[in-house]
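Number of protein chains: 2
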Amino acid sequence: MTKILVVDDEKVILEVLEAYFEKENWKISFATNGIEALKKVKDESPDLIVLDLMLPDISGEEVCKLVRKESDIPIIMLTAKSTEDDLINGIVIGADDYVTKPFSPREVVVRVKALLRRTQKMENVNQLSFNNHKLRIDHVKKEVKLNGDILGLTPNEYKLLITMARYPGRVYSRADLLEKIQEDGVYFEGYERSIDTHIKNLRKKIETDSRHPEFIMTVFGMGYKFGGEKDESNT
Amino acid sequence: MTKILVVDDEKVILEVLEAYFEKENWKISFATNGIEALKKVKDESPDLIVLDLMLPDISGEEVCKLVRKESDIPIIMLTAKSTEDDLINGIVIGADDYVTKPFSPREVVVRVKALLRRTQKMENVNQLSFNNHKLRIDHVKKEVKLNGDILGLTPNEYKLLITMARYPGRVYSRADLLEKIQEDGVYFEGYERSIDTHIKNLRKKIETDSRHPEFIMTVFGMGYKFGGEKDESNT
DNA sequence: AATTTTTGTCATAAAATAATCACCTCTTAT
DNA sequence: ATAAGAGGTGATTATTTTATGACAAAAATT
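Keeping their order, the protein sequence lines are chains G and E. With this note's numbering as the guide, the letters of the first sequence map in order to residues 27 to 261. With this note's numbering as the guide, the letters of the second sequence map in order to residues 27 to 261.
If you want it as structure tokens, here you go:
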């Protein structure tokens, strides 16, 4: 679940954003001043911060700098006016994007989404290669090649593969995998076994012998893991 | 691929920047002193230089001047302190931007991006040609030809086409494409599904058979990609 | 202001994928 | 060796995603 910290001293803004963010299934927390904000950043480690430039104690600029010293949490600034100056300052101090007041809440939502998308992409490795280039994954092209042939994976199969392949050897419970598959973290009780089916289908496409898998290994009683051997030259 | 030369005698800085630049898919090369820097500028003709002011042999200032004699490669200076003096000197000698140490690597990335955008050295391909010159795009004239005939594409159709055509095979989510379309517009109304409609209209103009597209391919559950084959002689 | 062009929205059908179930096989612990 | 629980599989059903035409709204052009 995506956690977002909103820092602003105007109650109306907090309320409006709360309403909109909830629709997106984001967990939202608030701070009304800089000190509180810094504390919450530490305590809650949000995935993204929406930060007003004008705060009663420390300026948003300062908060931004202080946060940046510790982490790379993406920050969206709310600037009061749209003067050229504010813009430059907002960017200079290390915010990743900015929105000028007055804003439509929808715009903020779009920006947050875009920024989350961008930062998540940065974390992703784009090329993965295993077992002497037998299996290759291109995350930009969303393409999986086995012995040079492109496999047509369904979105869920692809998601399962890439989550596991990113950390070979790490064991994922069905619940873990389900969470990755479900976009908004909507979780249904009975669904866990459907992971089995996806694994089955994935194996059918990816494994030479499903009974003795080379890549998607079962960890009895625990879940699944990726068992491939990383090649060099992964970007 | 964007090539960036980083000139600094501190190893830590080189390492940190390398990590961040790689995430952006920039090719990075290093120099730890002025002489080396000048040599690499000549040999590798980077798209941008990140240059420390303080170097063991020639000063960054001098390097900057020498580079400027030969070319207009954008330069970002790293200055040790943020004294007014350094700032002025940094700008005066012809650097395009500067970052004061200590800096957040992200800040540098933002600056580099901004500067690349400004100098338009970023992936600015002007002519694209696909499938044996069946489809040609002239980005200067904003003209798309199919079998020699000019297609009248709407601005959005054109933007969609060119963003995808620039990186054939790369999959763009509807959100990605929406972002591209609205880049200079200020409208944040909009639903991801309207991309479908634009794609539909674009296909009507560009494809012989919309059901079996040659250029604009659907990637189920992911988005769209450009499937044309690049010809030679792209500028 | 009227007309044309472009963009966005919606409803629906078709395509593709995902979930569920029943039954079977395998693993583990006794 | 066997029982009990865990995992595998194929078939069926349900759901999601996409394509498209018709139309409304918004911009641009005249």
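Here a beta-carbon is modelled for each residue, glycine too, at the ideal position from N, C-alpha and C. Here the structure is a predicted model, which is why all the values come from computation and not from measurement.
query                                                                                                                                                                                : result
Along the alpha helix (DSSP H) that carries G:Pro191, what are the first and last residues, could you check?                                                                         : Residue identity differs from the one stated: residue 191 of chain G is Ala in this sequence, not Pro. Note, G:Ala191: alpha helix (DSSP H), Pro181 to Arg192.
What three-state label does DSSP hand G:Leu92 in the structure shown?                                                                                                                : helix
Below 7 angstroms CB to CB, which residues in the same chain sit around E:Asp83 once its five sequence neighbours on both sides are set aside?                                       : Asn59, Gly60 and Ile61
Going straight from the alpha carbon of E:Lys65 to that of E:Lys37, what length do you get?                                                                                          : 19 angstroms
When Cβ atoms are compared, which residues of the stretch 242–253 of chain E fall closer than 9 angstroms to chain G?                                                                : Val245, Phe246, Gly247, Met248, Gly249 and Lys251
Check whether chain G comes within 8 angstroms of E:Val76, counting only Cβ atoms and requiring the distance to be less than that.                                                   : no
What's the gap between the Cα of E:Ser85 and the Cα of E:Leu79?                                                                                                                      : 6 angstroms
Nearest CA to the CA of G:Asp69: which residue from G:Ile30, G:Ile242, G:Leu161 and G:Arg143?                                                                                        : G:Ile30
So G:Leu177 packs on G:Lys231, CB below 8 angstroms; how close in whole Å?                                                                                                           : 5 angstroms
If the cut-off is 7 angstroms on Cβ atoms, which residues from the stretch 131–165 of chain G count as contacting chain E, listed in chain order?                                    : Arg132, Glu133, Val136, Lys139, Ala140, Arg143 and Met148
Distance check for G:Asn157 and G:Pro194, CA to CA, integer angstroms please.                                                                                                        : 12 angstroms
Using the C-alpha atoms, what's the distance from E:Phe246 back to G:Arg219?                                                                                                         : 24 angstroms
Can you tell me whether G:Val135 is helix, strand or coil according to DSSP?                                                                                                         : helix
Counting C-beta neighbours from all protein chains within 10 Å, is the total for E:Pro131 16 or more, i.e. buried, or is it exposed?                                                 : buried
By the criterion of Cβ-Cβ separation under 8 angstroms, what are the contact partners of E:Ala201 in chain G?                                                                        : Lys139, Ala140 and Arg143
Going straight from the alpha carbon of E:Ile99 to that of E:Leu92, what length do you get?                                                                                          : 11 angstroms
So, is the C-beta of G:Pro181 closer than 8 angstroms to a C-beta in chain E?                                                                                                        : yes
Are at least three pairs of beta-carbons, each pair with one atom in the stretch 147–166 of chain G and one in the stretch 181–195 of chain G, less than 8 angstroms apart?          : yes
List the endpoints of the continuous alpha helix (DSSP H) containing G:Asp69.                                                                                                        : Gly60 to Glu70
Mind checking whether G:Lys206 and G:Lys185 have CB atoms under 8 angstroms apart?                                                                                                   : yes
Would a C-beta distance cut-off of 8 angstroms place G:Ile221 and G:Arg229 closer than the cut-off?                                                                                  : no
Under three-state DSSP, which class holds G:Lys171?                                                                                                                                  : strand
So what does E:Phe252 bridge to, in DSSP terms?                                                                                                                                      : E:Ile242
If you draw a straight line from the alpha carbon of G:Gly253 to that of G:Val135, how long is it in whole angstroms?                                                                : 39 angstroms
Output the boundary residues of the beta strand (DSSP E) element that contains G:Ser155.                                                                                             : Gln153 to Phe156
Roughly how many whole angstroms lie between the Cα atoms of E:Lys139 and G:Glu255?                                                                                                  : 35 angstroms
Looking at chain E, is there any beta carbon in it that lies within less than 8 angstroms of the beta carbon of G:Asp175?                                                            : no
What's the C-alpha gap between G:Ser108 and G:Val33?                                                                                                                                 : Because the pLDDT of G:Ser108 is 47, which lies under 50, any placement of that residue in the model is unreliable, and the number read from its coordinates should be weighed accordingly. C-alpha separation (whole angstroms): 19 angstroms.
Under 8 angstroms between the Cβ atoms of E:Arg162 and E:Lys251?                                                                                                                     : no
On the criterion of 16 or more Cβ atoms from any shown chain inside 10 Å, does E:Met103 qualify as buried, or is it exposed?                                                         : buried
At which residues does the beta strand (DSSP E) containing G:Asp164 begin and terminate?                                                                                             : Leu161 to Asp164
Within the same chain, show all residues whose beta-carbon is closer than 7 angstroms to that of G:Met248, passing over the 5 residues directly before and after it, in chain order. : Val197 and Ser199
When you compare only the Cα positions, how much space is there between E:Ile54 and G:Leu40?                                                                                         : 42 angstroms
How far does the beta strand (DSSP E) with G:Ser199 in it reach, from first residue to last?                                                                                         : Note, G:Ser199: premise wrong, no beta strand (DSSP E); not H, not E.
Among G:Cys90, G:Pro128 and G:Asp123, whose alpha-carbon lies nearest the alpha-carbon of G:Arg137?                                                                                  : G:Asp123
For E:Asp202 and E:Asp164, what's the separation of their Cα atoms in angstroms?                                                                                                     : 23 angstroms
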